[in-house]
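Residue numbers (this note's numbering), protein chains in the order written: chain H, 1 to 252; chain P, 1001 to 1180.
As structure tokens, then:
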């Protein structure tokens, strides 16, 4: 190999190295001053995410580019961007953003699940823990690629060509939110909130949510929506106390 | 030589098609719909089933197939030019076109495996455009004229006629205005 060819090869290698990202370190064990939650004193935060005003219509998905998706969705399907039911907003990720400084929580070994069914991600918004396995399943008889686009964690993109394929991934750092997309089917998107504690929920029907077993303290609770942004409230929970917390979103 | 000229035009035209296919990949956001390279979802690229070319895969895998065809045509063009073309700079240009297509293939692999890094993705345009440019000037069909009838003839640096071989009656290709 001549020197010029070697140089060109070296440049390519450097470019490759420059493009790669460093994986954040895995979660460490409990710090020396870590506190454990006392189950006898825990409380609860629940409430509703209200959507104010008239709900805008979501765009209809055109699935003609994949006959399998078309067959799986005989009725018209819309994107899930703004899903309003009973005056409440669904698919809002509500979580304790701040206030749990010294608490330590074991990482669950049971995997969180993200399914690809009917050429949609199910669930569309979900939460999981740092270090918790995420099982990604392809239930469709067509190909999907699973492309996670985090800012803090390691990006990944892999294919699932066969129905029933499963892959497991983990995130090593806290990040709200990690977007997922399928580049084969441009309408498929999902969002994962990766947290180092268990105090999160996703709003269901009528925009309701419930966060259980919260230790006494003062917390910043945030509600995140993929399109409408975030709303933040502060809440103080006493021993065995339950608090109601409502968030309001609107299209400005 | 006329056949080579026409073939060069074919290569240039196929490069235009390749650039257009690349544009479709970008504008449909399908660049990472095939996450592996050089394979396609584990299949050898050329044995990937047609019925599985759905959604973004149609654009991305189609782009790869067109790129492979253009690469193959460029190999033929480089070999053919090297074999019959008397001018050294044209032969070098043909080899440079081949090097550019190989470079672009490698950059394409890097851009897939490293999730569309902007410098690589943008840098990939250079070899494509320059390869298209490389296909046209050395082999203009209108330029295939007898050297004796060309009032703007430039001296061939290499060739049988310059070496005094009077048996060589091949038509001469008019060099473009560059290099001077």
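Using N, Cα and C, we set each Cβ at its ideal position, and we do this for glycine too.
Remember, it's a predicted structure, so these values are computed and weren't measured experimentally.
Item                                                                                                                                                                                     : Value
Quick one: does residue 180 of chain H have its CB under 8 Å from some CB of chain P?                                                                                                    : no
Could you tell me which residues DSSP pairs with residue 75 of chain H in its beta bridges?                                                                                              : BP columns for residue 75 of chain H are empty, so no partner.
Is the Cβ of residue 1020 of chain P closer than 8 Å to any Cβ of chain H?                                                                                                               : no
Comparing the C-beta of residue 131 of chain H with each C-beta of chain P, is any distance below 8 Å?                                                                                   : no
If you measure from the beta carbon of residue 1038 of chain P to each beta carbon in chain H, is any gap under 8 Å?                                                                     : no
Using CA coordinates, which residue listed in H:34, H:122, H:249, H:158 is at the minimum distance from residue 80 of chain H?                                                           : H:122
Residue 235 of chain H to residue 35 of chain H, Cα distance in whole Å?                                                                                                                 : 20 Å
Taking only beta-carbon positions, decide if residue 1068 of chain P is within less than 8 Å of chain H.                                                                                 : no
Counting Cβ pairs, one atom from each stretch, are 3 or more of them under 8 Å apart for the region 92-108 of chain H and the region 216-229 of chain H?                                 : yes
Secondary structure at residue 105 of chain H, three-state DSSP: helix, strand or coil?                                                                                                  : coil
Between which two residues does the alpha helix (DSSP H) carrying residue 1059 of chain P extend?                                                                                        : 1055-1084
If contacts are defined as beta-carbon pairs under 8 Å, then residue 205 of chain H and residue 85 of chain H qualify, I think. What distance do you get, rounded to the angstrom?       : 5 Å
For the candidate residues H:126, H:127, H:74, H:144, whose alpha-carbon lies nearest to that of residue 1041 of chain P?                                                                : H:144
How long is the line joining the alpha carbons of residue 215 of chain H and residue 201 of chain H, rounded to whole angstroms?                                                         : 16 Å
Nearest by alpha-carbon distance to residue 1057 of chain P: which of P:1022, P:1090, P:1078, P:1081 is it?                                                                              : P:1022
I'd like to know whether the C-beta of residue 1027 of chain P is nearer than 8 Å to at least one C-beta of chain H.                                                                     : no
If the cut is a Cβ gap below 9 Å, which residues of chain H does residue 1056 of chain P touch?                                                                                          : 65, 145, 182, 183, 184, 185, 186
Please list, in chain order, the chain H residues whose beta carbon lies closer than 8 Å to that of residue 1042 of chain P.                                                             : 159, 161
For residue 160 of chain H, count neighbouring C-beta atoms within 10 Å of its own C-beta (all shown protein chains included) and say buried if the count is 16 or more, exposed if not. : buried
Grouping DSSP H, G and I as helix and E and B as strand, with all else coil, what is residue 37 of chain H?                                                                              : coil
Along chain H, which residues have their Cβ under 8 Å away from the Cβ of residue 1032 of chain P?                                                                                       : 145, 147, 157, 183
So, does the CB of residue 142 of chain H fall closer than 8 Å to a CB anywhere in chain P?                                                                                              : yes
DSSP three-state call for residue 1119 of chain P: helix, strand or coil?                                                                                                                : helix
Name the one or two DSSP bridge partners that residue 195 of chain H has.                                                                                                                : H:129
Run through the region 157-197 of chain H for me and flag every whole beta strand (DSSP E) of 3 or more residues, listed as ranges in chain order.                                       : 166-169, 175-181, 189-195
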